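J.: One structure follows; several queries about it will come next.
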Amino acid sequence: MAVNAKKIAVFVLVVFALYVIITDPAKAADYVQIGFEGISNAAKAIGDFMTWIADGAKN
């Protein structure tokens with residue numbers, strides 16, 4: 000039963016993504032840009048943290 004629920008959830012997400020892309024491509028592009036900005040910010044924060052640790056955890 001859980002596998003079927005997972006398949007249904009993935010199907011619904013794919014259909015929603017296609018709907019947004021087809022009906023409003025500009026908004027879909029905005030969503031992608033927001034997602035990539037979030038990933039970029041997270042990667043930068045991890046890099047800053049690793050640099051801080053490599054420097055001996057000093058301010």
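According to numbering that gives the first Met the number 0, the stretch in the sequence shown is residues 0 to 58, in order.
Yeah, the Cβ is synthetic: ideal placement off N, Cα and C, and Gly gets one too.
Just so you know, these numbers come straight off a predicted model, no measurement behind them.
Quick check on the DSSP output: the alpha helix (DSSP H) that includes ASP47 runs from which residue to which?
T.: Residues 24-53.
J.: Specify the secondary structure class of LYS5 as computed by DSSP and reduced to three states.
T.: Note: LYS5 maps to helix in three-state DSSP.
J.: Could you tell me the alpha carbon to alpha carbon distance between ALA53 and ALA44, rounded to whole angstroms?
T.: Roughly 14 Å between the two C-alpha positions.
J.: My output table needs one value for ALA16: the three-state DSSP class, helix, strand or coil.
T.: Here ALA16 sits in helix by DSSP.
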